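Trainee: This structure is in structure tokens; I'll ask about it shortly.
Take a look at the structure:
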């Protein structure tokens, strides 16, 4: 694994020869995405995950140049193969470009442990750099100065947009970005690559398909009930009849949120109760039940201390009775739900 946090030469093999073959780089391709309005057109929360460089080992990507005239003096060949790049610098670049056009980016890149804000993300974005070209000039190489350079670079990135609700990649978009640093300075090669990545990011934000997928404009989210209506829920009381597990199973659903899942059941018209640790800070979740039931629900209330959350759905489900009295220690209890894996949904455990 190589991390782009210093000179590009650290991850490239410089094949010195009588001359090198410079890469052809189109510096004219630029994008200026229209900002999303903070009031009229908002975006769904998205999280940037990572960038992977997917270039075969030994691929010629440009030239090493030297002298005031930047005469090609050797080839630059990629030697890292398929390299997972630390996303910290790319993450910062992606966030800066997103902030400029009011895209809702979630997640703390500096979080050392679990970041609850990640659960708000309804879409995940990742990129695969499939083509990278760079020409790096060291004008004072003849004087032993290999720390300052000028450079030009381009990248082609295949972006993948992953839906947390659908749990699958819903779009693949390829964009191009290029940049140059004409003033000789330390680290110009790395700066140029990050600037080229920024241009590819802006091209993504200008893509009509991407914008339509992350835009809330025209969407019709499930309406949440007023807080006072939630307070007046009339709970169904348990009966003295024997427990019908087959009937209970039909009224227990699996709740998918963030990277995990949990169980839930209806306690009133259009309201499902689940655990707050299942939904965390998500605003929308997916609810799947028996007989093909599948619906997007809004999280309308949460109590982390009691570890419960309420979900609002459009389709009415049969509510289950709720016993509020404490059971004595040693009482027989049964758990119905989806432990560990979704495949175990409707599991009954004594």
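Residue numbers (the working numbering): 321 to 670.
Where is the CB? At the ideal position from N, CA and C, for every residue including glycine.
Note that the structure is a prediction, hence the values are computed from the model and not measured.
1) What residues are listed by DSSP as bridge partners for residue 392?
2) Taking the straight line between their C-alpha atoms, what separation do you get for residue 333 and residue 510?
3) With 16 other CB atoms within 10 Å as the buried threshold, where does residue 350 fall?
4) Name the one or two DSSP bridge partners that residue 444 has.
5) Just to confirm my understanding: we take residue 480, look at its own chain, exclude 5 residues before and 5 after, and list those with CB closer than 6 Å. What are they?
6) Give the straight-line distance between the Cα atoms of residue 668 and residue 577, rounded to the nearest whole angstrom.
7) Out of 436, 482, 631 and 381, which has the shortest C-alpha to C-alpha gap to residue 620?
8) Run through DSSP, which three-state label would residue 544 get?
9) So for residue 342, helix, strand or coil by DSSP?
10) Beta strand (DSSP E) containing residue 488: first to last residue?
11) Closer than 8 Å by C-beta to residue 627: which residues in its own chain qualify, once you throw out the five before and the five after it? Chain order, please.
12) Nearest-angstrom Cα distance between residue 343 and residue 474?
13) Along the chain, where does the alpha helix (DSSP H) containing residue 599 start, and where does it finish?
14) If contacts are defined as beta-carbon pairs under 8 Å, then residue 393 and residue 384 qualify, I think. What distance do you get, rounded to the angstrom?
15) Between residue 456 and residue 441, is the Cβ-Cβ spacing less than 9 Å?
16) In whole angstroms, what is the alpha-carbon distance linking residue 584 and residue 418?
17) By Cβ distance, which residues of its chain are closer than 6 Å to residue 495, with the 5 residues on each side in sequence left out?
18) In the structure shown, what three-state DSSP assignment does residue 589 receive?
19) Buried or exposed for residue 532, going by 16 or more other Cβ atoms inside 10 Å?
20) Taking 9 Å as the cut-off, decide whether the C-beta atoms of residue 424 and residue 363 are in contact.
21) Enumerate, from N- to C-terminal direction, the unbroken beta strand (DSSP E) stretches of 3 or more residues contained entirely within the segment 412–459.
22) Between residue 670 and residue 662, what straight-line distance do the alpha-carbon atoms span, to the nearest angstrom?
23) Roughly how many whole angstroms lie between the Cα atoms of residue 518 and residue 497?
24) In this structure, how does DSSP classify residue 634 when only helix, strand and coil are distinguished?
25) By DSSP's criteria, residue 606 is part of a beta bridge. Which residues make up the other side?
26) Compute the Euclidean distance between the alpha carbons of residue 410 and residue 368, then round it to the nearest angstrom.
27) From 573, 635, 593 and 601, pick the residue whose C-alpha is nearest to that of residue 610; which is it?
28) With DSSP as the reference, label residue 510 as helix, strand or coil.
29) Our contact map puts residue 318 next to residue 470 with C-beta atoms below 8 Å; I'd like the distance itself, whole angstroms only.
30) Just to check my reading of the structure: residue 454 and residue 382 have Cβ atoms closer than 8 Å, yes? What is that Cβ distance to the nearest angstrom?
31) Bridge partners of residue 657, per DSSP?
32) If you compare alpha carbons, which of 624, 482 and 580 is closest to residue 607?
33) Is it right to say residue 416 is buried, meaning 16 or more other beta carbons lie within 10 angstroms of its own, or is it exposed?
34) Identify which residue in 514, 566, 624 and 555 has its Cα closest to the Cα of residue 643.
35) If you draw a straight line from the C-alpha of residue 665 to the C-alpha of residue 438, how long is it?
36) Looking at residue 371: is its Cβ nearer than 9 Å to the Cβ of residue 448?
Mentor: Walking through what the data contain:
1) 385
2) Note that residue 333 has pLDDT 45, beneath the 50 cutoff, so the model's placement of it is unreliable and no number is given.
3) exposed
4) 367 and 482
5) 446, 489 and 492
6) 22 Å
7) 631
8) Any reading at residue 544 must be qualified, since the residue scores a pLDDT of 44, below 50, and its modelled position is unreliable; no value is offered.
9) coil
10) 488–506
11) 595, 596 and 597
12) 9 Å
13) 596–599
14) 6 Å
15) no
16) 35 Å
17) 477, 520, 523 and 524
18) coil
19) exposed
20) yes
21) 443–458
22) 19 Å
23) 7 Å
24) coil
25) 576 and 616
26) 9 Å
27) 573
28) helix
29) Since the displayed the chain opens at 321 and closes at 670, residue 318 lies outside it and no answer follows.
30) 4 Å
31) 667
32) 580
33) exposed
34) 555
35) 25 Å
36) yes
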